[in-house]
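Taking it in order: structure first as structure tokens, then the write-up.
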Amino acid sequence: MTRRLLVVTAAVAFALTAAWAADTGKDLVQRLGCMGCHSLAGKGGGKGPKFDGVGSRLTPEAIKKQIVSPRGRMPNFAHLKAEELDAVVQYLSGLK
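Under mature numbering (1 follows the signal peptide of the UniProt record, and there is no 0), residues -21 to -1, 1 to 75 are what the sequence shown spells out, in order.
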């Protein structure tokens, strides 16, 4: 019984952490101005690649690399804290 409770508690904690990261990542995408160049569901800029389906096109590692060491005219976001970067990557990875 104790082991089962521990497993359930861990699963709930993981789900809450994942939900927090997705919400935080979405908020960071807005606050950092990403939507000025990228679009999602027809809203936002048109200069950069669309975020629609980015989680199906790129691995989380590739998304992280693009954020930290971008190509082209995209600004570098290497200054983000590790947890902020992870939250943005998790949010974008979920856009399938």
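Every residue gets a Cβ at the ideal spot worked out from N, C-alpha and C, and that includes glycine.
So what does residue i bridge to, in DSSP terms?
| i | result |
| --- | --- |
| LEU19 | LYS22 |
Let me make sure I understand the geometry here. Which of the options has the alpha-carbon closest to that of residue i?
| i | options | result |
| --- | --- | --- |
| ASP6 | ALA20, TYR70, GLY25 | TYR70 |
Do you know offhand how far residue i's Cα is from residue j's?
| i | j | result |
| --- | --- | --- |
| THR(-13) | ALA66 | Any reading at THR(-13) needs caution, since the residue's pLDDT is 48, under 50, leaving its predicted position unreliable; the model's value is listed next. Taking the straight line from one Cα to the other gives about 22 Å. |
| GLY73 | ALA20 | 14 Å |
| GLY27 | LYS60 | 23 Å |
| LYS75 | SER18 | 14 Å |
| ASP31 | LYS44 | 18 Å |
| ASP2 | GLY34 | 16 Å |
| VAL47 | LYS22 | 24 Å |
| LYS29 | GLU62 | 24 Å |
| PRO49 | LEU11 | 15 Å |
| CYS16 | LEU64 | 18 Å |
Would you call the CB atoms of residue i and residue j closer than 8 Å?
| i | j | result |
| --- | --- | --- |
| ILE42 | VAL8 | no |
| GLY4 | MET14 | no |
ask   = Would the segment 55 to 64 and the segment 30 to 38 be scored as touching if the rule is three or more Cβ pairs under 8 Å?
value = no
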